[in-house]
Amino acid sequence: MKHDIAYLEQVASQVRRDVVRMVHGCQSGHPGGSLGCTDFLVALYFEAMNRKEGFEMDGKGEDLFFLSNGHISPVFYSVLAHSGYFDKSELATFRKLNTRLQGHPTTHEHLPGIRIASGSLGQGMSVAIGAALTKKLNGDNSIVYTLHGDGELQEGQIWEAAMFAPHNKVDNLICTVDYNGQQIDGPTSQVLSLGDLKAKFVAFGWTVLEGEGNDMAQVLDVLAQAKALTGKGSPIMILLKTGMGHGVDYMMGSHKWHGAAPNDAQLELALAQLEETLGDY
Amino acid sequence: MKKYTYTEKKDTRSGFGDGLLEAGKRNPDVVALCADLVASLKMQDFINAFPERFVQVGIAEANMIGIAAGMTIGGKIPFTGTFANFSTGRVYDQIRQSVAYSDKNVKICASHAGLTLGEDGATHQILEDIGLMKMLPGMTVINTCDYNQTKAATIAIAEYEGPVYLRFGRPVLPVFTDADQKFEIGKAWMVNEGADVSIFATGHLVWEAIQAGEKLAEEGIDVEIINIHTIKPLDAEAVLKSVAKTGCVVTAEEHNRLGGLGDSIAQLLSTTNPTPQEYVAVDDSFGESGTPAQLMTKYGLDADHIIKAVKKVIARKKA
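Listed in order, the protein sequences are those of chains F and D. Just so you know, we're using the UniProt record's numbering here: the first sequence kicks off at 1 and counts up by one. Just so you know, we're using the UniProt record's numbering here: the second sequence kicks off at 1 and counts up by one.
What follows is the structure in structure tokens.
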């Protein structure tokens, strides 16, 4: 362990504060999925990934992460800032004119830590497979990670990629689904049912793990299990049960906070539930 | 009129296949991806030479574009291969977000463009791809005219850093450009110097323009023919210099008249030197089944239609 669980939970609390403040600051953005995925991204960047100092697009000799559900950019930006890719003061510019922190992540503004644009859904798994293939060609034993929304799995390209990776033994790839059961128009079960996701990915040839995504110890555990399964001939899929809006009681479990910003009073209510641990930006 | 002869006919897609093999020999980072059309794209020689650097993605073009974008991360130079329709319209958003907006060094190589795909009909005959691709910021758009030029362009784009759309075709056509030519991206090729009209032609229409030029010369009309192989970035200097001399323009392309080479030329001229212009292009319609030659005649893309357009535009200039 690079850090103890208590510290990672402190980071997660600060990231959640950042998320709510960023979305409030521009009165737009996606807090629900960001809060649900906070523990995962903190565990990934602070513990699971082997990262180099600084940022190079080619990312040779280090693990890579691709955020496929780009709308949860607030949590991504906050975790990148706290991981040292840029100063956390820049979080205040989120979604504002001339910012590097665009509404959805992009390489176009040269923000360190970002290697692909995402936002139009369904593309990140393909990109990650490409990066994983290049790592194999380069003799680079690092791992490529992704995160996807569960609603995003309704995109057809995901299943093109899901078919490709096992066939080609892309076993340096760990994908994770933010399995919160919610999407913009309501529960996934009502909008377009995902069915038995585990059975589907198993049938496609993936090694599938399941975990609780809002318990730091369990997130760390499932990531460690996934890493141990790399290099064994099949890609790895983590179905991570999360709660949309986790950590802010009035946002939890509702698709209504997928893409809505809190007002001033709601912000105060949220911040009262999230300890400031590392200093607000 | 400068005389162009040929000793053999070949397809431009074979130029791509041979160029890809050469690019692969020159640079170990060149990799190739194909969506179940290896024979059509002439990629087998590359696969034989570099099996570990080839990715068969199956019939999954969106995934292919995404994988190609990802492969650039770590230094590879991916060449994707499928038909032009499946290289562009089918995967426009993947190209837009994962390649163009993400500024990835992907070479999107598209065969069977336009009507000359022939008998398969309109589902496969894309006539909108140049327009789609040239509208993407940062995208270089190239449409080659014969085997040698396609081979040279394929080698050249491997050495260029940035996303490229390379468009070529299916039919066997005269090989009339120099073997072992150096292809300069964005630099128009002066096919024939003339004084009466500027014909700006791209792709398979370049040979038709030469045929037209020879017939027009017999009638005393002195045509300038310039091959615009790179539609974006457009060689504005070459266009403006030619038009300053001739005072009228015919554009010729195997594409919808909306959004193609003709519109790029018209936009340039309308904002700098308004000039009479006639389009030789498909008149905003889909194609249909038929032989390539039949289709080029029916849709107005042959030498005879270029001749008519030249006479019309010269009359407009004088009027």
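Ideal Cβ placement from N, Cα and C applies to all residues, glycine included.
Problem - Min CB distance F:Leu80 to chain D below 8 angstroms - result: no
Practice task
With DSSP collapsed to three states, give me the class of D:Lys107.
Solution key: strand
Handout entry: Own chain, CB closer than 8 angstroms to D:Tyr92, minus 5 neighbours either side, in chain order
Key = Taking C-beta separations shorter than 8 angstroms and ignoring five residues to either side along the sequence, the partners of D:Tyr92 in its chain run Leu132, following chain order.
Handout entry: Residue-level contact to chain F via CB, D:Lys76, 8 angstroms cutoff
Key = yes
Exercise for the section: Determine whether the Cβ of D:Asn63 lies closer than 8 angstroms to any Cβ atom of chain F. Expected result: At least one chain F Cβ lies under 8 angstroms of D:Asn63.
Practice task
With 8 angstroms as the threshold, decide whether the Cβ of D:Met71 is near any Cβ in chain F.
Solution key: yes
Handout entry: Check whether D:Tyr160 and D:Gly15 have beta carbons under 8 angstroms apart
Key = Not a contact, by the Cβ cut-off of 8 angstroms.
Problem - Nearest to D:Leu173 (by Cα), restricted to the options D:Arg13, D:Leu268 and D:His255 - result: D:Arg13
Exercise for the section: Could you say which of F:Phe46, F:Thr176, F:Arg95 and F:Met1 lies nearest to F:Val23 if we only look at CA atoms? Expected result: F:Arg95
Exercise for the section: Could you please give me the residues that DSSP links to F:Gly211 through a beta bridge? Expected result: F:Leu240
Problem - When F:Leu121, F:Gln10 and F:Ala162 are compared against F:Leu274, the one with the closest alpha-carbon - result: F:Gln10
Handout entry: Segment contact, 8 angstroms Cβ cut-off, at least three pairs: the stretch 232-243 of chain D with the stretch 103-119 of chain D
Key = no
Practice task
Can you have a look at F:Ser189 and say buried or exposed, based on whether 16 or more other CB atoms are within 10 angstroms of its CB?
Solution key: exposed
Practice task
Mind reading off the beta-carbon distance from F:Gln123 to D:Ser270? Whole number of angstroms is fine, and I expect it under 8 angstroms.
Solution key: Contact doesn't hold; Cβ gap of about 37 angstroms is too wide.
Exercise for the section: Alpha carbon to alpha carbon, how far is D:Ala281 from F:Val118? Give it in angstroms, no decimals. Expected result: With the sequence shown as reference, residue 118 of chain F is identified as Ser, and Val is not the correct amino acid for it. The straight-line gap from Cα to Cα measures roughly 36 angstroms.
Handout entry: Beta carbon of D:Ala309 nearer than 8 angstroms to that of D:Glu288
Key = no
Handout entry: Partner residues on chain D for F:Val177, Cβ-Cβ distance less than 9 angstroms
Key = None at all; the shortest Cβ gap to chain D is about 17 angstroms.
Exercise for the section: Give a yes or no on whether 8 angstroms exceeds the smallest Cβ distance from residue 369 of chain D to chain F. Expected result: No information on residue 369 of chain D is available, as it lies outside the stretch 1 to 319 that chain D covers here.
Problem - Neighbourhood of F:Gln27 by C-beta distance below 8 angstroms, restricted to the same chain and skipping five residues each side - result: Ala261
Problem - Members of the stretch 127-142 of chain F that neighbour chain D once the beta carbon cut-off is set at 8 angstroms - result: Val127, Ala128, Ile129, Gly130, Ala131, Ala132, Leu133, Thr134, Lys135, Leu137, Asn138 and Asp140
Handout entry: Continuous beta strand (DSSP E) assignments of at least 3 residues falling wholly in the stretch 141-194 of chain D
Key = 164-167, 172-174 and 189-192
Handout entry: chain D residues whose Cβ lies nearer than 9 angstroms to that of F:Leu67
Key = Ordered by position in chain D, no residue passes the 9 angstroms Cβ test against F:Leu67, which lies about 13 angstroms from the chain.
Problem - alpha helix (DSSP H) runs contained entirely in the stretch 235-269 of chain D, provided each spans 4 or more residues - result: 236-246
Exercise for the section: Assign D:Asn227 to one of three DSSP states: helix, strand, or coil. Expected result: Three-state result, D:Asn227: strand.
Handout entry: Euclidean distance between Cα positions of F:Ile236 and D:Val250
Key = Using only the alpha carbons, I get a separation of about 57 angstroms.
Problem - Rounded Cβ spacing between D:Ile210 and D:Val191 (contact assumed at less than 8 angstroms) - result: 7 angstroms
Practice task
May I ask you to list the residues that DSSP assigns as paired with F:Gly186?
Solution key: F:Gln183
Practice task
Look up F:Ala117 in the DSSP assignment and say whether it is helix, strand or coil.
Solution key: coil
Practice task
Kindly indicate which three-state DSSP category D:Lys3 falls into: helix, strand or coil?
Solution key: In this structure, DSSP gives D:Lys3 a state outside helix and strand, which the three-state scheme calls coil.
Problem - Cβ-based contacts, 7 angstroms cut-off: residues of the stretch 89-103 of chain D near chain F - result: Asp93, Gln94, Gln97, Ser98, Tyr101, Ser102 and Asp103
Practice task
Starting from F:Met57, find everything on chain D with Cβ-Cβ shorter than 8 angstroms and list it in chain order.
Solution key: Ile73
Handout entry: Unbroken beta strand (DSSP E) run spanning D:Gln56, endpoints
Key = Note, D:Gln56: beta strand (DSSP E), Phe54 to Gln56.
Exercise for the section: Have a look at D:Ala110 and F:Ala132 and give me their C-alpha separation to the nearest angstrom. Expected result: 25 angstroms
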